[in-house]
Structure formats: C-alpha cells, structure tokens
RNA sequence: GGCGCCGUAGCCAAGUGGUAAGGCACGGGACUGCAAAUCCCUGAUCCCCGGUUCGAAUCCGGGCGGCGCCUCCA
C-alpha cells in the first residue's frame, strides 16, 4: 500500500483531479465498447488497453473493481442525425447474412484481440440486444418525466427540457450543425436524439422488438445508460471511451441519465483516450487506412509488441503509428523480455536497499494519470541499470508487470512454440561440421542458404541454434 | 466558421518554471573465422518571434505548421 493518491484527468472538469470514489475502496467503471458490424482495427483497440490500465491501477491501489463493457449490436446508425441506417442492418444486407451472425463473428474477433493484448475481461460484458427491456424501461421513465416527444419517426429526447445539455462538451448550440434539423421531419432541435425508433412500414428489419410505442428498435445512446443503470446503479465512478464520443454520444448519455435518475453528476469522472494516427491521419474505417492485429502478427510481430507500442505514449495523446515505430516496439519488447524472463526462476526479495525507492517511483508514475511511458522506462532501468540483485529485480519486474501486462516473466521461446524441422537441423549440423574443419566458405554458403529462406543462425558456446525471422 | 489538441534528436515519444526519461535506428568498441545475438560507448537546448521571471521546452502574446470534433468513427 502507498500514500500516493490516484490523480486522473477528468473530461467533465477539464482538469487532473484526485480520485474520490463514491464508496470507499470501490470503483465502478463503464467502458464504451465496440459496434460489431466490422473488424476492430488496432486503433480501435486503444480504448480497451487504456481501460485495462485503469482497471489495473485500482487493483494495485487495493480497490475492489467492477468493470462493465458493452457490445453494440443494434441501433448504431450510420449517421448521427438520426436519419441514417442501422450499421448492423447495413452490414447484414451487404453480405447477405444475419445481423446476429455478423455480430457474433466480430465480437469473437474483438475478444480474441483483447486476449492477445492481455486486456483483462470486464466483470460484465453486455450486449445491447440482450437489454431491450432495460432500454424500454429507461425510455418510459424519461417519457413519464416529460423529457420526450413523439414524432412519426420515433420517440425523441427533448434537450430544451435539460438546461445543462451543452455543458459537458462546451457546445455552442446556436452555431453547431444548424442544418441537421432537416434530417428528420418533426425534430424540434437538431440536437434532439432518438431514444426509440419505429420500424418503417414495409421495410423488413432483422432486428426489431415490441414496445409500448409499437415495433421498433432502441437509439444507440440509450443502451449505455440503460446497461450501466442495471449493472452499476444510478451513479458510478468512471466512464471511459474515445474522444470522438464527447460531443454527441456522451453528451446524450449524460442528458438522458441525469434526467431519468435526477442525479448530478451521473458519472464522477469521464476519461477519454486519443486516437491512433496512421500516415498523418487518424486510422479509421471511413478513411480505409486500417490495420488489424492479425496483420501485425502476420508481419512477424508479437501481439504484445503492440501493447508495448501503446504503452510508449500517453493514452491522452494522439499516437503516430508507422511501420518503423512498430518494428522499434517489437524489437524493444523482445529485448526487454529476453532479459526479464530469465528472472522468473529467482527468489523474490523486496528488502534490498534501493527497492523501495523504485517502488515509490512506480506508484507515482501510475497514479499520475496513468503515465505508462514513464513506467516502461522504469522497467528498463530496473532491468538494465539499477545494479540490484536478481531477486530484487525479480520482485520489481513482477510488481511493474502486474500493471503493464506484458508477460515479462514468462519464457518467450516457450510461448512462441519451438519449431522443428529435420532438414534445417541437418543443414545447421553440416555447417557446424564445416566450421570444425575450418571450411568457412562452405559454412557461410549454408548460412546464406538458410538466410534466404528466412532462417537465421545463432552461434553460442553450446552450439548453434536457429529460428525463423519471417 | 465554432470548439479542442499538438509541434521535443533520423523515427516513436516522456517531461508543463530550475539547466532535456526511455525505446528503435545510425556510428564506434568488445565478442566472433566472418556474421548474427549479446554487452559497452555515443547524439537534441525543445517550430519561429516577442514578453514575464533570478531562471522557461514548460507561463503570456503573435506567427507558421500538423491533427481532431462539429457528418459514421475508439
């Protein structure tokens, strides 16, 4: 335990603040999850690695953590003016498959990528389609309190009934998006948003449900309020997501939740991760410059090298992804781990002089708004420059890795699986024999041969080993 | 047009008032038959101009440049 207090940047107040939980020693976190209509690219994974760090931070602090993440599998329109199509429906139509099938496929991929990136599973992983009743209930609650109105297209939230609407994102409602009101006839203000959309007559939707207002489907913003309500209550500590959600999605969540529950603030701390840039632009599906984790693995990178890459920059800053930077991260990660995995067999000793000082620096960096780059630098210092004994280093690496989540103490070679190939073994042996006879031209010929097919040889005092580098 | 962010060595990046973390690459050295791997050494005064201050990358003003949101996006 340590005296440091956790300091987090709160979007709601635009300041770094000391964290004060609603209930002592407990933290309730809600993370906006993926809309599973397409693959999640590596930029999409940033919010989950960030949320994972946040979760680990509170575990380190000795808090009990309850973490909820949603999966959006209905209602997220292609346009936030409430007039676009549902993304799931569009994807289903395009591929001729069932929306549910598509959702399952991309959910599975997302979960697999999370696992590969060592993101601990949330305590609750909830799908919007499994919580229609909660969404209907929340909409009814808002209706009974007079925050809604009905038009031909659906039930809408009336922002004029919620005076603080523009505060969170510091919106200038007179100037922004004035044209949007045209999108849906009957909307009173362009920023009013759909809580429940009616199914269009004559248009077959795969996803629609009965409700007090007739058949239809929930608006996208509603699910987060409804599901957090069910699992976290009417108020909770931290809500996370990408910066792109501040203006519309989170602003709407706040409006409907504070209106429905009569609380203020609904969420104490709002935390947002910045985007990943790729070739000078943000990586996004609409720009088409995406790259998924599988692509990195196929290029020969270790999946956790991408986590290492992520940890090299602060979550609140745009990070630039380049092939060169990714290769640098992969090299740095493998080198670090090659040293730390050797400590796994050591005793762990925290009593050595100098350990406590590093422990304190570690906590200070973690609790200062999750300063991962500094913690990563500290890990390198411990391993290479601290002058501490192996058992002291083992203690520190274990502690630091409990936050970084880089598997620093497990053997990399074992994890990757030792490849066997008798033909290559034979060539390596023939090269060894040639070297013994000082027939170096033959030895080098064999080495070049192997190099051409992506196999590199390493000579050690105990003989030669080989591995594929491609 | 409105709101917000950013500009630190070749690349990715910490640091937000006291004289620039870390990773990768490059170069030099050790090791090696030569390599590879490994280890050691090595580099920046912080976009420009002006101001505040004993002192600024760090605060203020003005430029230049890049990005994000305001339309789907983490």
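Residue numbers (my numbering): -19 to 450.
Heads up, the beta-carbon is just placed ideally off N, CA and C, and yes, glycines get one too.
| task | Identify whether residue 127 lies in helix, strand or coil by the three-state DSSP scheme. | result | Per DSSP, reduced to three states, the secondary structure at residue 127 is coil, with no helix or strand assignment.
| message | Among 202, 221, 314, 37, whose alpha-carbon lies nearest the alpha-carbon of residue 239? | response | Comparing Cα-Cα distances from residue 239 to each of 202, 221, 314, 37, the minimum goes to 202.
| said: Between which residues of its own chain and residue 496 is the CB-CB distance below 7 Å, once the five residues before and five after are set aside? | reply: In this structure the chain extends from -19 to 450, so residue 496 is not present and cannot be described.
| message | To the nearest angstrom, how far is the alpha carbon of residue 397 from that of residue 121? | response | Note that residue 397 has pLDDT 48, beneath the 50 cutoff, so the model's placement of it is unreliable and the number below is only indicative. Rounded to the nearest whole angstrom, the CA to CA distance from residue 397 to residue 121 is 56 Å.
| task | Look at residue 34 and residue 51 and say whether their C-beta atoms are less than 8 Å apart. | result | No, the pair does not count as a contact, with Cβ atoms beyond the cut-off.
| message | Under 8 Å, with one C-beta from each stretch per pair, do the region 257 to 266 and the region 135 to 154 reach the 3-pair mark? | response | No, the region 257 to 266 is not in contact with the region 135 to 154.
| said: Checking the sheet assignment: what are the DSSP bridge partners for residue 454? | reply: With the chain running from -19 to 450 in the structure shown, residue 454 is simply not present.
| query | Hey, out of 181, 284, 298, 149, whose CA is closest to residue 233's CA? | reply | Nearest C-alpha to residue 233: 149.
| Three-state secondary structure assigned by DSSP to residue 204 | Residue state, collapsed to three classes: helix.
| Where the beta strand (DSSP E) containing residue 460 begins and where it ends | No answer is possible for residue 460: the residues shown for the chain start at -19 and end at 450.
| field | Neighbourhood of residue 134 by C-beta, 6 Å cutoff - its chain only, sequence neighbours within 5 removed | value | If we look at residue 134 and ignore the five residues flanking it on each side, its Cβ neighbours are 174, 176, 177, 178.
| Could you give the residue range of the alpha helix (DSSP H) that holds residue 2? | For residue 2, no alpha helix (DSSP H) encloses it, and the DSSP letter there is neither H nor E.
| request: Would you identify the three-state DSSP class for residue 166, choosing helix, strand or coil? | output: Three-state result, residue 166: coil.
| query | Looking at the unbroken alpha helix (DSSP H) that takes in residue 358, where does it start and where does it end? | reply | Under the DSSP assignment, residue 358 falls in the alpha helix (DSSP H) whose first and last residues are 352 to 364.
| query | What's the C-alpha gap between residue 352 and residue 236? | reply | Here the alpha carbon of residue 352 sits roughly 34 Å from the alpha carbon of residue 236.
| task | Evaluate contact between the region 346 to 360 and the region 376 to 390, counting only Cβ atoms and requiring at least three cross-stretch pairs below 8 Å. | result | The region 346 to 360 makes contact with the region 376 to 390: 3 or more CB pairs, one atom from each, lie closer than 8 Å.
| Touching or not, the region 362 to 380 and the region 328 to 335, by the rule of three or more beta carbon pairs under 8 Å? | Taking 8 Å as the limit for Cβ pairs, the verdict is that the region 328 to 335 does touch the region 362 to 380.
| Is the region 196 to 211 touching the region 108 to 124 in the sense that three or more CB pairs, one from each, lie closer than 8 Å? | Short answer: they touch.
| request: Could you have a look at residue 327 and say whether DSSP puts it in helix, strand or coil? | output: Coil.
| message | Taking the straight line between their C-alpha atoms, what separation do you get for residue 257 and residue 83? | response | Roughly 26 Å between the two C-alpha positions.
| CB residue 342 to CB residue 291, shorter than 8 Å? | Against a cut-off of 8 Å, the Cβ pair of residue 291 and residue 342 comes out as no contact.
| query | Going by Cα to Cα distance, which pick from 105, 413, 223, 206 is closest to residue 295? | reply | Of all alpha-carbon atoms in 105, 413, 223, 206, the one lying nearest the alpha-carbon of residue 295 is that of 223.
| query | Where do the ends of the alpha helix (DSSP H) carrying residue 412 lie? | reply | Taken as a continuous stretch (DSSP letters only), the alpha helix (DSSP H) holding residue 412 covers 402 to 416.
| request: Quick one: measure Cβ to Cβ for residue 309 and residue 285, integer angstroms, because I've assumed they're closer than 8 Å. | output: About 5 Å separates the Cβ atoms of residue 309 and residue 285, confirming a contact at the 8 Å cut-off.
| For residue 1 and residue 37, the rounded distance between their alpha carbons | The straight-line gap from Cα to Cα measures roughly 14 Å.
| query | Are residue 287 and residue 97 close, meaning C-beta to C-beta below 8 Å? | reply | The answer is yes: Cβ separation under 8 Å.
| said: One question on the structure: do residue 221 and residue 11 come within less than 8 Å of each other, judged by their Cβ atoms? | reply: Closer than 8 Å, so yes.
| message | Can you give me the C-alpha to C-alpha distance between residue 372 and residue 323, rounded to a whole angstrom? | response | Roughly 10 Å separates the two Cα atoms.
| When the distance is taken between beta carbons, is residue 403 closer than 8 Å to residue 426? | No.
| task | Quick one: using the 10 Å Cβ neighbour count with 16 as the cut-off for buried, is residue 191 buried or exposed? | result | Under this definition residue 191 is a buried residue.
| message | Does residue 198 come out as helix, strand or coil in the three-state DSSP assignment? | response | Judged by DSSP in its simplified three-state form, residue 198 adopts strand.
| said: Can you tell me where the alpha helix (DSSP H) holding residue 420 begins and where it ends? | reply: It spans 420 to 432 - the alpha helix (DSSP H) in which residue 420 sits, taken as one unbroken run.
| query | Identify the residues that DSSP records as bridge partners of residue 263: which are they? | reply | As DSSP reads the structure, residue 263 sits in no beta bridge.
| Own chain, CB closer than 7 Å to residue 423, minus 5 neighbours either side, in chain order | Only 411, 414, 415 meet the Cβ criterion.
| request: State buried or exposed for residue 138, treating a residue as buried only when at least 16 other CB atoms are found within 10 Å of its CB. | output: When all chains shown are included, residue 138 counts as buried.
| Where residue 22 sits in the DSSP three-state scheme | Reduced to three states, the DSSP call for residue 22 is coil.
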